[in-house]
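Engineer: Here it is, the structure in full.
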Amino acid sequence: MALTWGLIIIGIALLLLGGYRWQQAQSFARNSAQVMGEVINHDRTLHVEGRGPIHLPKGGKLSEDEALAMAGLPPGGRFNIESIQYAPVVRYQDQRDGWHEIISPLAVPSPTPAVGESVALVYRLDAPHEASLPGTRGWLIGVPLILGFALCAVGLRLLLRGGGA
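Written as structure tokens, this is what we have:
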């Protein structure tokens with residue numbers, strides 16, 4: 003019974019989180035402007051088993067040995083590297099000719115988009131330093147909504163079938 007109610011409660015919490023983020027995105031969209039920015043670098047994070055994320059200096063693609071050396075760890079297989087993640091750093095100009103930089107909240111295993119590429123982004127008119135890449139908002143809203151719905155559906159199914167007793 004506790005598992006069933008736990009699934010339902012976690013599902014509801016995720017649905018509320020997704021709804022809150024959707025409401026924030028709607029508010030953001032009403033008071034924003036879209037501009038083109040340029041990828042100027044990549045924020046790099048090394049994930050080593052048992053050590054968590056280690057932030058590295060910004061730059062391009064690294065080999066595992068280079069990443070370990072930058073993190074101050076000896077190369078040679080003593081550490082199990084889970085991944086090296088790259089998040090684009092984008093510079094853009096607002097309507098008042100001010101320059102800003104953002105780091106994408108979504109990181110990927112390769113440095114994409116490439117340095118020098120133009121990307122569309124949206125920033126708040128009343129706070130030009132607050133910006134986002136349009137593709138990232140969908141993940142931040144959709145994932146909690148989908149997981150929340152799935153957990154609620156499984157929990158309710160268990161509850162209705164008597165599996166929660």
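So for the sequence shown, the working numbering puts the first residue at 3; every next one is plus one. We treat Cβ as the ideally placed atom computed from N, Cα and C, and that holds for glycine. Small disclaimer: the values here were computed from a predicted structure and weren't measured.
1. For Thr6, is the classification buried or exposed, using 16 other Cβ atoms within 10 angstroms of its Cβ as the cut-off for buried?
2. By DSSP, does Leu135 sit in helix, in strand, or in coil?
3. So who's on the other strand from Ile83, going by DSSP bridges?
4. Which stretch, first to last residue, makes up the alpha helix (DSSP H) that contains Arg98?
5. I want to know whether the region 104 to 115 touches the region 128 to 146 - three or more CB-CB distances under 8 angstroms.
6. Are Pro111 and Pro90 closer than 8 angstroms when you measure CB to CB?
7. Taking DSSP as the reference, what is the three-state secondary structure of Glu103?
Structural biologist: So, to answer that:
1. buried
2. coil
3. Val50
4. It is not in any alpha helix (DSSP H) - Arg98 carries neither H nor E in the DSSP assignment.
5. yes
6. no
7. strand
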